[in-house]
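Numbering (this note's numbering), first residue to last: 7 to 480.
The C-beta atom is built at its ideal place from N, Cα and C for all residues, glycine as well.
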Amino acid sequence: MVQKQGASADPTATEPKKRRRVGFSSVDSGVEAKDCIKIYLVSSKEEVGSTDSFCIEAVDLNSSFDDDGKIYGYKGLKIAIWVSSISFHAYADIAFESTTDGGKGITDLKSDLQKIFAETLIESEEEFLQTFSTQRNLIRSMVSTGEVLQHKTSIGQISDSYGGLGATTSDLQVVRLVVGKTAAGHLYSHLIPLVLLLVDGSSPIDVVDPRWELYVLIQNKTDEKGDIYNVLLGFTAVYRFYHYPDSSRLRLSQILVLPPYQHKGYGRYLLEVLNDVAVSENVYDLTVEEPLDYFQHVRTCVDVLRLNKFHPMKDAVNSAVLQLKQGKLSKKTHTPRLMPATSVIEDARKSLKINKKQFLQCWDVFLYLWLDPVDKYMADFVGIISNRMKEDLIGKDSGAGGKRVVEVPSEYEPEMSFVMFRSQAGEAASTVQIDENQPNQEEQLQQLVDERVKEIKSIAEKVSSQISVTAAAS
Numbered sequence: 007m008v009q010k011q012g013a014s015a016d017p018t019a020t021e022p023k024k025r026r027r028v029g030f031s032s033v034d035s036g037v038e039a040k041d042c043i044k045i046y047l048v049s050s051k052e053e054v055g056s057t058d059s060f061c062i063e064a065v066d067l068n069s070s071f072d073d074d075g076k077i078y079g080y081k082g083l084k085i086a087i088w089v090s091s092i093s094f095h096a097y098a099d100i101a102f103e104s105t106t107d108g109g110k111g112i113t114d115l116k117s118d119l120q121k122i123f124a125e126t127l128i129e130s131e132e133e134f135l136q137t138f139s140t141q142r143n144l145i146r147s148m149v150s151t152g153e154v155l156q157h158k159t160s161i162g163q164i165s166d167s168y169g170g171l172g173a174t175t176s177d178l179q180v181v182r183l184v185v186g187k188t189a190a191g192h193l194y195s196h197l198i199p200l201v202l203l204l205v206d207g208s209s210p211i212d213v214v215d216p217r218w219e220l221y222v223l224i225q226n227k228t229d230e231k232g233d234i235y236n237v238l239l240g241f242t243a244v245y246r247f248y249h250y251p252d253s254s255r256l257r258l259s260q261i262l263v264l265p266p267y268q269h270k271g272y273g274r275y276l277l278e279v280l281n282d283v284a285v286s287e288n289v290y291d292l293t294v295e296e297p298l299d300y301f302q303h304v305r306t307c308v309d310v311l312r313l314n315k316f317h318p319m320k321d322a323v324n325s326a327v328l329q330l331k332q333g334k335l336s337k338k339t340h341t342p343r344l345m346p347a348t349s350v351i352e353d354a355r356k357s358l359k360i361n362k363k364q365f366l367q368c369w370d371v372f373l374y375l376w377l378d379p380v381d382k383y384m385a386d387f388v389g390i391i392s393n394r395m396k397e398d399l400i401g402k403d404s405g406a407g408g409k410r411v412v413e414v415p416s417e418y419e420p421e422m423s424f425v426m427f428r429s430q431a432g433e434a435a436s437t438v439q440i441d442e443n444q445p446n447q448e449e450q451l452q453q454l455v456d457e458r459v460k461e462i463k464s465i466a467e468k469v470s471s472q473i474s475v476t477a478a479a480s
């Protein structure tokens, strides 16, 4: 074995050799887009530059910047983006102390912002300020070719006042724009940036597909010269499907009320006008694509009030409540689902265009409202909700009906061969999923039941003052 020797020392050396120091530049960790960007919605050039202007809380701003949502190469970066509520053009005011490549390059801000705002992004601040006067009538001109829809309160489903609206109904208009026949595509292209920023999980609609329709809510305003112009408060994008043999189905795909006008009743107003359209045009039904919780809450409140005017509903609810009051359902071997007759659900679809799944959401609210006293029967009510959710979510384990998928032998792609059927006891499946393999399955189910009951109580509280409840006989 040979030992490696170190270098011998120089006996003539009088001073130790100095060690060379090697420095490493700090790695740029970047800054998240949401931490350095603020977006303001402004209605006049005087509001531009003021931090008191309305600030928009974007749903997911980071996703527009690379994979990790960070901006690199800037020190002291601050970006203020001003979006005009008159023309929906945008201007980005970018300020920073210095730039340096810290190992991950320097983010091309112009390119990334262009991905979000596309052609609406204006480079010159002066040009952007001019749009408040030159584009004052942009919205008015775009909706001029559309169809103005009247809110038919005379139908009787919804007749309560709109005291919560930020404007009188006489100042409001809903205009229908059909893609391909009007300026719908051009208008929507201006709105896409806000849709992507404010609607969770959204993607742009196909602006060349004539089956898309925009329902635009506008408010008429008068400027200092006495000229009338339009302000866009919100819109909804609806797809019209063909339904055999000679009808159509409406699916609400996107709905957005601009942040300054939210929580003032405008979203509800849009929804009610759309309900009027579905009824007056006798479509098959009106559905909603993946509704967010808040929208679903409003939608159910509206439909409960509409169903309250639906005559077959009263007898159906009374019958179910009488059955509920007969005794302790939890002690019975099989807890009844207390569902309405199929004919009632079908008649509601024909008359009000409320599809089955949405009808059942409202049905639970009616059951709760008709319980008197509610505390006496609450345990059984919760048991019914729990039993129904268990059957719908994990029906094969609960012994109840529901959708089933059964593998069948086949020589052609065996992995893709199956039969799906619904037993007679099955009902519309819930969109909520539960993991059957988790040991805490019962805890998961109980949490879903608690959330559902809480939502039912919340809706009942909202609508109770507008519903005349005739208690079922004991």
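Collapsed DSSP secondary structure at Leu239 in the structure displayed: The residue labelled residue 239 in the question sits at position 233 within the sequence shown. If DSSP states are grouped into helix, strand and coil, Leu239 belongs with the strands.
Which residue's Cα is closest to the Cα of Tyr267: Tyr245, Leu178, Ile211 and Asp381? To locate residue 267, count along the sequence shown from 1; it is residue 261. For the residues Tyr245, Leu178, Ile211 and Asp381, the minimum Cα distance to Tyr267 belongs to Leu178.
Cα separation between Lys359 and Lys315? Sequence index remark: in the sequence shown, residue 359 carries index 353 (1-based). Sequence index remark: in the sequence shown, residue 315 carries index 309 (1-based). In a straight line, the C-alpha of Lys359 is about 14 angstroms away from that of Lys315.
Straight-line CA distance for Gln450 to Ile234? Along the sequence shown, one-based indexing puts residue 450 at 444. Along the sequence shown, one-based indexing puts residue 234 at 228. Gln450 and Ile234: Cα-Cα distance of roughly 55 angstroms.
Flag this pair as yes or no: are the beta carbons of Val65 and Leu204 separated by less than 7 angstroms? For the purposes of this step, residue 65 is identified with residue 59 of the sequence shown, where counting begins at 1. For the purposes of this step, residue 204 is identified with residue 198 of the sequence shown, where counting begins at 1. Their beta carbons are under 7 angstroms apart, which means Val65 touches Leu204 by this criterion.
What separation, rounded to the nearest whole angstrom, lies between the Cα atoms of Pro210 and Asp34? As a first step, residue 210 is located in the sequence shown; it is residue number 204 there, counting from the start. As a first step, residue 34 is located in the sequence shown; it is residue number 28 there, counting from the start. For Pro210 and Asp34, the distance between alpha carbons rounds to 34 angstroms.
Can you give me the C-alpha to C-alpha distance between Phe123 and Asn288, rounded to a whole angstrom? As a first step, residue 123 must be located in the sequence shown, where it is residue number 117. As a first step, residue 288 must be located in the sequence shown, where it is residue number 282. A direct Cα-Cα distance of roughly 38 angstroms separates Phe123 from Asn288.
Counting contacts by CB-CB distance shorter than 7 angstroms, is Val237 in contact with chain B? In the structure shown, chain B does not exist; there is a single protein chain.
Helix or strand or just coil, what does DSSP make of Leu193? By one-based count along the sequence shown, residue 193 stands at place 187. In this structure, Leu193 counts as helix in the three-state DSSP scheme.
Tell me which same chain residues have a C-beta within less than 7 angstroms of the C-beta of Ala243, skipping the five on either side of it? The count along the sequence shown starts at 1 and reaches residue 243 at position 237. Closer than 7 angstroms at Cβ, skipping near neighbours: Ile211, Trp218, Leu220, Ser259 and Gln260.
At least three beta-carbon pairs within less than 8 angstroms, the segment 140–158 to the segment 184–197: The segment 140–158, when compared against the segment 184–197, does touch it at the 8 angstroms Cβ threshold.
Given a cut-off of 7 angstroms, decide if Leu200 and Leu223 are closer than it, judged by their beta-carbon atoms. Mapped onto the sequence shown, residue 223 falls at position 217. Mapped onto the sequence shown, residue 200 falls at position 194. Against a cut-off of 7 angstroms, the Cβ pair of Leu200 and Leu223 comes out as no contact.
I'd like the list of long-range same chain contacts for Met384, defined as Cβ closer than 8 angstroms, with 5 residues on each side in sequence excluded. On the sequence shown, position 378 is the one that residue 384 refers to. Cβ neighbours of Met384 beyond the five flanking positions: Leu377.
DSSP beta-bridge partners of Thr293: Position 287 of the sequence shown holds residue 293. Beta-bridge partners of Thr293 (DSSP): Arg257.
In chain order, what residues of the same chain lie with their CB nearer than 8 angstroms to the CB of Lys81, ignoring the 5 residues before and after it? Counting from one through the sequence shown, the residue named residue 81 turns up at place 75. Counting only residues of its own chain and dropping the five nearest sequence neighbours on each side, Lys81 has a CB closer than 8 angstroms to the CB of Phe102, Glu103, Ser104, Thr105 and Thr106.
Please give me, in chain order, every unbroken run of the beta strand (DSSP E) with length at least 3 that falls completely inside the segment 33–64. Annotation: the segment 33–64 contains the following complete segments of the beta strand (DSSP E) (minimum length 3 residues), in chain order: 43–48 and 60–62.
Any idea which residues DSSP pairs Asn226 with across the strands? Along the sequence shown, read from residue 1 onward, the residue named residue 226 stands at position 220. Partner residues in the beta bridge of Asn226, as assigned by DSSP, are Asn236.
Using only CA atoms, which one of Lys51, Leu328, Ile112 and Ser59 lies nearest to Asn77? By 1-based counting over the sequence shown, the position of residue 77 is 71. The amino acid occupying residue 77 in the given sequence is Ile; Asn does not appear at that position. Residue Ile112 is the option with its Cα nearest to Ile77.
Exposed or buried, what is Glu6 when buried is set at 16 or more other beta-carbons lying within 10 Å of its beta-carbon? Given that the chain is displayed from residue 7 to residue 480, the structure contains no residue 6 and the question cannot be resolved.
Using the three-state DSSP reduction, which class does Arg458 fall into: helix, strand or coil? The sequence position of residue 458 within the sequence shown is 452, counting from 1. The answer is helix: DSSP assigns Arg458 an H, G or I state.
Where the alpha helix (DSSP H) through Asp370 begins and ends: Here the question's residue 370 lines up with position 364 in the sequence shown. Lys362 to Trp376 is the extent of the alpha helix (DSSP H) around Asp370.
What does the Cβ neighbour count give for Cys368, buried or exposed, with the cut at 16 atoms within 10 Å? Counting from 1 along the sequence shown, the entry for residue 368 is found at position 362. It counts as buried.
Going by DSSP, name the residue or residues bridged to Thr348. In the sequence shown, residue 348 corresponds to position 342, counting from 1. Beta-bridge partners assigned by DSSP to Thr348: none are found.
Tell me where the alpha helix (DSSP H) around Ser2 begins and ends. Nothing can be reported for residue 2, as the shown portion of the chain is limited to 7 through 480.
Between the beta-carbon of Val371 and the beta-carbon of Val459, is there less than 7 angstroms? Within the sequence shown, numbered from 1, the residue matching residue 371 stands at position 365. Within the sequence shown, numbered from 1, the residue matching residue 459 stands at position 453. Not a contact, by the Cβ cut-off of 7 angstroms.
Please state the DSSP three-state secondary structure of Val308. Locating residue 308 in the sequence shown gives position 302, where the first residue counts as 1. Of the three classes helix, strand and coil, the one that applies to Val308 here is helix, per DSSP.
Would you list the one or two residues that DSSP bridges to Ala96? On the sequence shown, position 90 is the one that residue 96 refers to. In the DSSP output, where bridge partners are listed per residue, Ala96 has Val89 and Leu127.
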